[in-house]
Amino acid sequence: MNPLKSDEYPAVYADYIDHVVGDVMEDLQEQLQIFPEFIRSISEDMGSYAYAPGKWTIKEVLCHILDTERVMAYRALRFSRNDMTELAPFEQDPYVQNARHNERSLESIADEFTYLRRGNLALFETWNEAELARKGMAAGRLVTVRAFLYVIAGHLTHHRIILKERYLNNENVEQYLV
-5 MNPLKSDEYP AVYADYIDHV VGDVMEDLQE QLQIFPEFIR SISEDMGSYA YAPGKWTIKE
55 VLCHILDTER VMAYRALRFS RNDMTELAPF EQDPYVQNAR HNERSLESIA DEFTYLRRGN
115 LALFETWNEA ELARKGMAAG RLVTVRAFLY VIAGHLTHHR IILKERYLNN ENVEQYLV
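With this note's numbering as the guide, the letters of the sequence shown map in order to residues -5 to 172.
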């Protein structure tokens, strides 16, 4: 796969894209192996932990990663098929507020990630360079199919770092357990 160019994505995605080092497909494959293990390493009691009032719980963050991957993969699919219909913005907060993530087990979230990523990789591997270079409008911004793969990989890495630094490295967790 050709490397990503700066004119393939809007600045709003730069932070996620910067987390991808090397080949994005290798990153996506590696995440398929490592991320479910990371989820399973979190105790079920910690799943309902939020590091401060008003912040998402660990389970909500994990399910947000799943929702975002679905939305970005859908956008990539549409553009890869040359569907030029402009796509609406993705408002993440209602997705979290209108789901029952804290009722789920971490095991079920890990399993869902595995199924989702396997399916997405099967799709992503079918695209050639012409399809990866196709562009479309999402939330008023021009972006390529290839950029969405970087966003998916980088978004997961971004949130895994947040989980490690803000959620799983705090000694006073009891007060924030839901």
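Just so it is clear, CB atoms sit at the ideal spot from N, CA and C, and this is done for glycine as well.
**OP:** Return the residue from the list 88, 62, 3, 11 that minimises the CA-CA distance to residue 114.
**Re:** On the sequence shown, residue 114 is found 120 positions in, with the first residue counted as 1. The option with the nearest alpha carbon to residue 114 is 62.
Subject >> Proximity to residue 148 [Cα-Cα], best of 20, 1, -4, -5 >> reply: Here the question's residue 148 lines up with position 154 in the sequence shown. Checked all of 20, 1, -4, -5; the closest Cα to residue 148 is 20.
**OP:** Report the option in 93, 81, 65, 29 whose CA atom is closest to the CA atom of residue 54.
**Re:** Indexing the sequence shown from 1 puts residue 54 at position 60. The option with the nearest alpha carbon to residue 54 is 93.
Subject >> Euclidean distance between Cα positions of residue 104 and residue 34 >> reply: Numbered from 1 along the sequence shown, position 110 holds the residue referred to as residue 104. Numbered from 1 along the sequence shown, position 40 holds the residue referred to as residue 34. If you take the alpha carbons of residue 104 and residue 34, they lie about 7 Å apart.
**OP:** Note down the Cα distance separating residue 5 from residue 125, rounded to an integer number of angstroms.
**Re:** Start at 1 with the first residue of the sequence shown, and residue 5 comes out as number 11. Start at 1 with the first residue of the sequence shown, and residue 125 comes out as number 131. Between residue 5 and residue 125, the C-alpha separation is close to 22 Å.
Original post:
Are there 16 or more other CB atoms within 10 angstroms of the CB of residue 139, so buried, or fewer, so exposed?
Top reply: Looking up residue 139 in the sequence shown gives position 145. Buried, because 16 or more other Cβ atoms sit within 10 Å of the Cβ of residue 139.
Original post:
Going by the beta-carbon positions, is the gap between residue 132 and residue 60 smaller than 7 Å?
Top reply: Taking the first residue of the sequence shown as 1, we reach residue 132 at position 138. Taking the first residue of the sequence shown as 1, we reach residue 60 at position 66. Their beta carbons are not under 7 Å apart, which means residue 132 does not touch residue 60 by this criterion.
**OP:** Rounded to whole angstroms, what's the CA-CA distance from residue 37 to residue 152? Just pull it up for me.
**Re:** Taking the first residue of the sequence shown as position 1, residue 37 is located at position 43. Taking the first residue of the sequence shown as position 1, residue 152 is located at position 158. Going from the Cα of residue 37 to the Cα of residue 152 covers about 21 Å.
Original post:
Does the Cβ of residue 111 have 16 or more other Cβ atoms within 10 Å, making it buried, or fewer, making it exposed?
Top reply: If you number the sequence shown from 1, residue 111 lands on position 117. By the neighbour-count rule (16 or more Cβ atoms within 10 Å), residue 111 is buried.
Original post:
Should residue 78 go down as buried or exposed, given a rule of 16 or more other Cβ atoms within 10 Å for buried?
Top reply: For the purposes of this step, residue 78 is taken as the residue at position 84 of the sequence shown. Exposed, by the Cβ-count rule.
Original post:
Would the beta-carbon of residue -2 fall within 7 Å of that of residue 144?
Top reply: On the sequence shown, position 4 is the one that residue -2 refers to. On the sequence shown, position 150 is the one that residue 144 refers to. Yes, Cβ-Cβ distance for residue -2 and residue 144 is below 7 Å.
Original post:
If you count every other CB in all the chains shown that lies within 10 Å of the CB of residue 120, and 16 or more means buried, which is it?
Top reply: For the purposes of this step, residue 120 is identified with residue 126 of the sequence shown, where counting begins at 1. Looking at its Cβ environment, which holds fewer than 16 other Cβ atoms inside 10 Å, residue 120 is exposed.
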